[in-house]
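Colleague: Dropping the structure in here first, questions after.
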Amino acid sequence: MKILLVEDNKRLRESLSKGLEEEGFLVETQEDGFAARDLAVNQDWDLFIFDVMLPGLTGIELCELIRYKKIITPIIILSALGEADDKIKALDKGADDYLVKPFHFKELISRINALNRRTNRYQNLITENLQCGNLTMNYKAHKVERNGKTIDLSQKEFLLLKTLLEYKNEVVTRQIILQNVWKTHQDTYTNVIDVYISYLRNKIDLDNENKLIHTIKGRGYMISDQ
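Right under this line is the structure:
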């Protein structure tokens with residue numbers, strides 16, 4: 001796994017680089033936002049780790065630029081700023097995760113592994129149709145059918161259904177839904193989840209005897225034809 005680590009604190013940069021290499025990752029480091037930009041857009045990477053406060057371009061500006069360039073490589077932001085608004089801003093600009101300093105190195109490794117699993121799911125998704133019973137999603141064509149009938153979904157409905165299908169026959173927690181669909185960890189969106197689950201049920205299950213979307217009380221939701 002090839003990682004671009006951008007951190008202007010020399011001690012932390014060297015410590016993280018050494019630890020990541022000991023975990024088996026290939027790491028290249030930078031301390032300047034402009035130099036990091038050139039590396040990010042001109043080479044292939046498996047993960048970006050950016051500090052927020054950098055000389056040249058900030059970590060948030062790097063996120064925004066990378067997503068503008070249609071680069072989908074996962075991004076972890078490191079920051080001493082732990083306020084909800086700071087996290088939301090980073091996630092809205094394209095970050096996949098946000099880690100507040102100081103943090104335990106094992107937590108960073110756990111976040112990297114979680115992002116890697118999610119990326120692997122995504123790679124499978126873009127090459128295969130997702131299916132549950134007679135419900136089929138073609139991700140590349142942005143098309144959903146049940147019983148051969150096309151179902152029109154909004155972008156959020158599509159992302160919510162995609163998340164459920166990725167975890168078919170498994171409980172999907174509200175936290176996973178918030179992260180995958182709304183790109184946030186904030187629980188202020190929980191009522192919105194309920195609303196969008198209702199939207200999906202009306203479009204997918206209402207006219208069908210076999211209901212696919214199930215509520216698992218106290219845990220989350222599951223899509224299953226069993």
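Start counting the sequence shown at 1; every next residue gets the next number (the UniProt record's numbering). Glycine is no exception: its CB is placed at the ideal position from the N, C-alpha and C atoms.
Within 8 Å, do at least three Cβ pairs link the region 165-174 to the region 206-222?
Modeller: Counting Cβ pairs under 8 Å, three or more are found: they touch.
Colleague: So, using beta-carbon positions, are Asn-147 and Asn-202 closer together than 9 Å?
Modeller: Their beta carbons are not under 9 Å apart, which means Asn-147 does not touch Asn-202 by this criterion.
Colleague: What does the alpha-carbon distance come out to for the pair Asp-85 and Arg-67?
Modeller: Going by the C-alpha atoms only, they are around 20 Å apart.
Colleague: Would you identify the three-state DSSP class for Leu-153, choosing helix, strand or coil?
Modeller: Leu-153 falls in the coil class under three-state DSSP.
Colleague: What is the DSSP secondary structure of Leu-165, counted as helix, strand or coil?
Modeller: The answer is helix: DSSP assigns Leu-165 an H, G or I state.
Colleague: Once DSSP output is grouped into helix, strand and coil, what is the label at Ile-72?
Modeller: DSSP places Ile-72 in coil when its eight states are reduced to three.
Colleague: Mind the definition here: the region 96-108 touches the region 127-145 only if three or more C-beta pairs lie below 8 Å; say whether that holds.
Modeller: Segments in contact, no.
Colleague: Might you give, ordered along the chain, the residues of its own chain that have their beta carbon closer than 6 Å to the beta carbon of Asp-32, omitting 5 neighbours on each side?
Modeller: These residues qualify, in order along the chain: Pro-55 and Gly-56.
Colleague: Among the residues of its own chain, which have a CB less than 7 Å from the CB of Leu-161, if the five just before and after it don't count?
Modeller: Excluding residues within five positions, the ones whose Cβ falls inside 7 Å are Met-137, Val-144, Leu-153 and Leu-200.
Colleague: Output yes or no for whether 9 Å exceeds the beta carbon distance between Thr-163 and Asp-46.
Modeller: For Thr-163 and Asp-46, no; Cβs fall outside 9 Å.
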